[in-house]
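Under this note's numbering, think of the first position of the sequence shown as 881, with each following residue one higher. Glycine included, each C-beta is placed from N, C-alpha and C at the ideal position. Small disclaimer: the values here were computed from a predicted structure and weren't measured. The structure under discussion appears below in the form of structure tokens.
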Amino acid sequence: MYSSQSLAFAWGQWVRGAFTALVLLLIPLRLGAQVIARWDFAEGAQGWTGNFYVANLQVTGDGLTFDSTGNDPWIEGPAVNYPAAGQVRVRIRMRSDADPAGELFYGPVFQAADSVRFTVIADGGWHEYNLVLPALGNGARLRLDPAGKPGRITVAWIEAELLPVIEPPELRAPTPPPADGEWAAVISAGELQLRHRGDRWGAYEIWIGDTRMGTGQDHDVIGIMEDGEIQWLELDQAQLTLTSTALGGFQERCSIPTPGGNLLNLSRRFDPGTTDGYFRVSAGIQARRSAQLLHLPWITLFPGLSAFGAGKAQAVFAGLEYLTDEPSSSTLDLRGPAHDRRVPDPLKITFPLMAIAAGGRYVGLSWEPSAYFAPIFDSPDRTFDTNAHLMALWAPTVGGDRPEGNLFALGPSPLEAGVTRTVRANILGGFGESVVPAVQQVCGLIGFPDLPELAMDQAGTTELLAHGWLDSDAHEDGLWRHAVWGGNFSPAPAADAPWFMTRLAQETTDSSLAERLQLGIERALERLAPTDPNFNSGVSHVRPPIAPMLFGRLEQYLEARAAHAQHLLETAFDMRGLVVYQPGATDYGQGHFENHANGLTATTMHSILETATLTGDRVLIAGALNLLDRQTHYYRNSEPRGA
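Below is the structure:
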């Protein structure tokens, strides 16, 4: 079982098996990045300048030093003629005590689409950041946005390198399993079974009851670099050793010689979990001598292969995909290169789970977050072009020399001699019409993360919130903006502002701050009176009906709510009991296959149900519950959409 801390994405002895002749795919390419431009700021600013939010810019022995005054500070450099082809790696050495928000813009002109965001370690110490950019061409410039808040920043140097082109290996689909397989090993966890043919690495299948649900990958390839040359090692030629474990599972092992005389020992262990429905997987690699690892497929699964195929009832890649029988990485909801969500930044993954449901069963993969791999999801599988789906954990992780979206890294990472590098995961499976049972199962396995410790105590939090309501740019003379974002949100009366400030005035021990809050409450109520006497407005996303309970006019508020709810019951829903989407100037429904969605309907339903609860009106309650039954019938086991 994972600890709850394993959800915070931060970031055995080996036995050598005998091996037969091993196929080596040698690419005659020497890796070596070519430096295109370098700015050592200890020697001068060299054409780099700051914008209005950069103060006290000066050259020191440490580099280019300046103060961020907040908002959007940046420094930008001179134009450089970069090669027309080839990716560029920009290396930055910097220290900062501002905030973690970093971004690098590139091109002849700066625009949001041409930038890379990165996380700054804002502890005041020196750190290096590697960012990979596309081909830049002539006249391109760089702009470094090192922070979004006030702080002291020093940039020691910035270097741009042309990266070599690495030709990826041929990706071979797994061997279709034979109709009547003979199994060297079979293990069970309730109805979930893992069956291994025993003839080569990765030749296993996933079954639920008497139904095959998918396979492993028996044509895995490892990529390493020796003496500057890339070598792709095909594991299907290595002799497999398959042994049983003390926990009722099995372990597959093989040893891979390299042309340079190194030896890589691989192991993958599968054990039944402590409850039915999952197998614990522990995969490892060890090198006899230090090695440079370019690619390592820890686990590769093909749900649906020689089973239910490329279709599905539902799929989830938590934080990125929640699908019906539709493709992942779709351009319907996200256009441009960012639509490819096969290999995402780990920060976008909200929960360590990939799962596919089909035919009343589901199969999934969960993992213990690690800096040694990146999760990969493709449904249906267009990576290997199988009639199935792809779920995998491949090294290295995203970041550095592996940009988001890249199946393979642009450069190697070190593998220390004699050190076993291990990752852990779970293969899941069971019965269910949706992926919800998989989510429930993983919640039970890994638990929930600990609540974060607040950086401030209650008094400090109260003071910060109070100044936010009173002194931030969101407030303007008793009016508030939903967000401070250019001219997108105008200040308006807000009924939630005075009741939030009422709570803060009660909490604070600062009498002068309490007095200011009270004045703010009075001004907010004055502003509300002409246009919103019943306190329906607000700037919060979630607005419980507290203001009329605190400030009066509750009866009028409930009467208005009841009339509005009845109007919604009569006019907002079609004959099916669904809310039909009406596009505005921008059609946000153009990527959806229907003209309604459960999230869209839920917003209206919530208002009606809350009103029925507040008023106790039996007619309204009956109408709301009848409509709710129709929603749950229509949207049962569907994907959350259109909120």
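Under the three-pair Cβ rule at 8 Å, the stretch 1329-1339 does not count as touching the stretch 1368-1384. Judged by their CB atoms, Arg1023 and Glu956 are nearer to each other than the 8 Å cut-off.
Secondary structure in the stretch 899-968: the beta strand (DSSP E) runs of 3 residues or longer, each lying completely within the stretch, are 904-910, 914-920, 934-940 and 943-948 in chain order. Taking 8 Å as the upper bound for CB-CB distance, Phe1182 and Gly1078 are not in contact here, some 19 Å apart.
Rounded to whole angstroms, Lys1029 and Met1381 show a C-alpha spacing of 26 Å. Beta-bridge partners assigned by DSSP to Met974: His1007 and Val1035. Following the DSSP letters along the chain, one finds Gln1111 inside the beta strand (DSSP E) bounded by residues Glu1109 to Glu1114.
Judged by DSSP in its simplified three-state form, Phe1431 adopts helix.
Comparing alpha-carbon positions, the option among Val960, Ser948 and Ile972 lying closest to Asp920 turns out to be Ile972. Looking at the DSSP output, Gly1310 shares a beta bridge with Tyr1242. Leu1072 has its alpha-carbon roughly 33 Å from the corresponding atom of Pro1049. The beta carbons of Gly1140 and Asp1107 sit closer together than 8 Å. Leu1508 has its alpha-carbon roughly 29 Å from the corresponding atom of Thr1230. Spanning the alpha carbons of Leu1176 and Gly1358 requires a straight line of approximately 59 Å. Ranked by Cα distance from Met1234, the first of Ala1346, Gln1320, Thr1495 and Pro1332 is Gln1320. The alpha-carbon separation between Lys1228 and Pro1217 amounts to approximately 16 Å. In this structure, the beta-carbon distance from Leu1011 to Ala913 does not fall below 8 Å. Counting C-beta atoms within 10 angstroms of its own C-beta, Trp1087 has 16 or more neighbours from the protein chains shown and is therefore classed as buried. Residue state for Leu1325 is assigned as helix, using DSSP reduced to three classes. Taking Pro1283 as the centre and dropping the five residues before and after it, the same chain places the C-beta of Val1012 closer than 6 Å to its C-beta, in chain order.
In this structure, Met1105 and Gln1172 form a Cβ contact; the two beta carbons are roughly 4 Å apart against a cut-off of 8 Å.
A residue is called buried when at least 16 other Cβ atoms come within 10 angstroms of its Cβ; Glu1062 does not meet this threshold and is exposed. Collapsing the DSSP output to three states places Tyr1437 in a helix. Rounded to the nearest whole angstrom, the CA to CA distance from Leu1115 to Ile1179 is 13 Å. By the Cβ neighbour-count rule, Phe1197 is buried, with 16 or more other Cβ atoms within 10 Å of its own. Here the alpha carbon of Val934 sits roughly 5 Å from the alpha carbon of Ser948. For the pair Leu1345 and Leu1397, the Cα-to-Cα distance works out to about 11 Å. Ala1289 sits away from Ala1237, with the two beta carbons spaced by 8 Å or more. DSSP lists Gly1164 as the beta-bridge partner residues of Thr1302. Under the three-state reduction of DSSP, Pro1378 is assigned to helix. When the alpha-carbon of Gly1082 is set against those of Val1101, Phe1328 and Trp1349, the nearest one is in Val1101. Contact annotation, Ala1040 with Val970: C-beta distance approximately 5 Å; criterion of less than 8 Å satisfied.
Scanning Arg1301, Val1243, Leu1051 and Arg1521 for the CA closest to the CA of Glu1085 turns up Val1243. With a cutoff of 8 Å on beta-carbon distance, Thr1277 and Arg1222 are scored as not near each other. Shown here for Met1429: not one same chain residue has a beta carbon closer than 7 Å to its own, the five before and five after excluded. In this chain, Asn1145 is not harboured by any alpha helix (DSSP H); it is covered by the beta strand (DSSP E) spanning Leu1143 to Pro1152.
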